[in-house]
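Here the structure comes first, spelled out in structure tokens, and everything after it is commentary.
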Amino acid sequence: DVAMNAVTQLKEKGRVTRGRIGVQIQELTKEAADAFGLKQANGALVNGVEKDGPAAKAGVESGDIILKVDGRDVRNSNDLPRIITAIRPGTKITLTVWRKGVQKDLAVTVAEMKEDVASAQPRRGTPSPKEKAKPNRMGLVLSDLTDEQRKELDLKSGGVLIEDVVGVVRGNVQPGDVILAIIQKGVPAEAKSAAQVNDILAKLDKGASVTLQVRRGDNSFYTTLKLSNGE
Numbered sequence: 131d132v133a134m135n136a137v138t139q140l141k142e143k144g145r146v147t148r149g150r151i152g153v154q155i156q157e158l159t160k161e162a163a164d165a166f167g168l169k170q171a172n173g174a175l176v177n178g179v180e181k182d183g184p185a186a187k188a189g190v191e192s193g194d195i196i197l198k199v200d201g202r203d204v205r206n207s208n209d210l211p212r213i214i215t216a217i218r219p220g221t222k223i224t225l226t227v228w229r230k231g232v233q234k235d236l237a238v239t240v241a242e243m244k245e246d247v248a249s250a251q252p253r254r255g256t257p258s259p260k261e262k263a264k265p266n267r268m269g270l271v272l273s274d275l276t277d278e279q280r281k282e283l284d285l286k287s288g289g290v291l292i293e294d295v296v297g298v299v300r301g302n303v304q305p306g307d308v309i310l311a312i313i314q315k316g317v318p319a320e321a322k323s324a325a326q327v328n329d330i331l332a333k334l335d336k337g338a339s340v341t342l343q344v345r346r347g348d349n350s351f352y353t354t355l356k357l358s359n360g361e
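Numbered by our numbering, the letters in the sequence shown go through residues 131 to 361 in order.
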């Protein structure tokens, strides 16, 4: 289908165009699906939305899980780029997304992917650590961001710095990461302070897992941390 679409475009216009909607996605794990309130790990998890891009204009948000495109199932994160890039730019499509336990349909107008535009991402320095606190149940040493660090990261509020990772932590986190939100039972809660995050983690049952929205440099993503049954 992709090859035939390319051939048709070459015949009609002499060049191949590819569609884009301006989202960053990641694989939806079973643990993350549970945290977002989905029974099955089907769909593509949105971890970033391009400012003023097609998806942003349609109301797509970070944390949405794209389940369908015009009724076509998105089984995993690999399906979405294949479907979108094959759509003619200018076409209006319907994205079915999962948000806070409810399905929503959003109308998105597909834009053209510009092959010659390089995505330059400036690197920000890692926030400077404060006086070290004790690790929490997950083995994370957390501290509040200073106003200067928050400004550097372009955060209006919230954000909790991971100063250190102690022992074996079951999840994709590292020192210098910033926790933006905690997702439980499909509902995200802003990470406002180290004390608040530590309190939430302290109340988890043995063997429980929690999904965090994490900022690393200029990128954000979702990762699931799991407590061992002995904790």
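Ideal placement from N, C-alpha and C gives every residue a C-beta, glycine not left out.
Name, in chain order, the residues that DSSP records as bridge partners for residue i.
i           : result
residue 198 : 203 and 226
residue 351 : 344
residue 272 : 292
residue 318 : 313
residue 156 : 175
If you draw a straight line from the C-alpha of residue i to the C-alpha of residue j, how long is it?
i           : j           : result
residue 163 : residue 218 : 31 angstroms
residue 340 : residue 283 : 24 angstroms
residue 357 : residue 297 : 12 angstroms
residue 227 : residue 239 : 16 angstroms
residue 308 : residue 345 : 5 angstroms
residue 293 : residue 202 : 43 angstroms
residue 353 : residue 303 : 8 angstroms
residue 301 : residue 178 : 20 angstroms
residue 161 : residue 233 : 19 angstroms
Out of the options, state which residue places its alpha-carbon closest to the alpha-carbon of residue i.
i           : options               : result
residue 213 : 193, 237 and 148      : 148
residue 355 : 267, 189 and 204      : 267
residue 195 : 225, 181 and 221      : 225
residue 323 : 243, 336, 350 and 271 : 271
Take the Cβ of residue i as the centre, count every other Cβ of all protein chains shown within 10 Å, and call the residue buried at 16 or more, exposed below.
i           : result
residue 250 : Confidence at residue 250 is low in this model, with a pLDDT of 37, below 50, so the placement of that residue is unreliable and no value is reported for it.
residue 231 : exposed
residue 332 : exposed
Would you grab the beta carbon distance between residue i and residue j for me? Rounded to a whole angstrom, and I think it's under 8 angstroms.
i           : j           : result
residue 174 : residue 206 : 7 angstroms
residue 310 : residue 279 : Incorrect: roughly 13 angstroms between the Cβ atoms, too far for contact.
residue 316 : residue 166 : 5 angstroms
residue 313 : residue 321 : In fact, because the Cβ distance is near 11 angstroms, the residues do not count as touching under 8 angstroms.
residue 176 : residue 193 : 7 angstroms
residue 172 : residue 210 : Between residue 210 and residue 172 the Cβ distance is about 12 angstroms, and since that is not below 8 angstroms, they are no contact.
residue 188 : residue 236 : 5 angstroms
Give a single yes or no on whether residue i has its beta carbon closer than 7 angstroms to a heavy atom of the ligand PLP.
i           : result
residue 234 : You won't find the ligand PLP in this model; it holds no ligand whatsoever.
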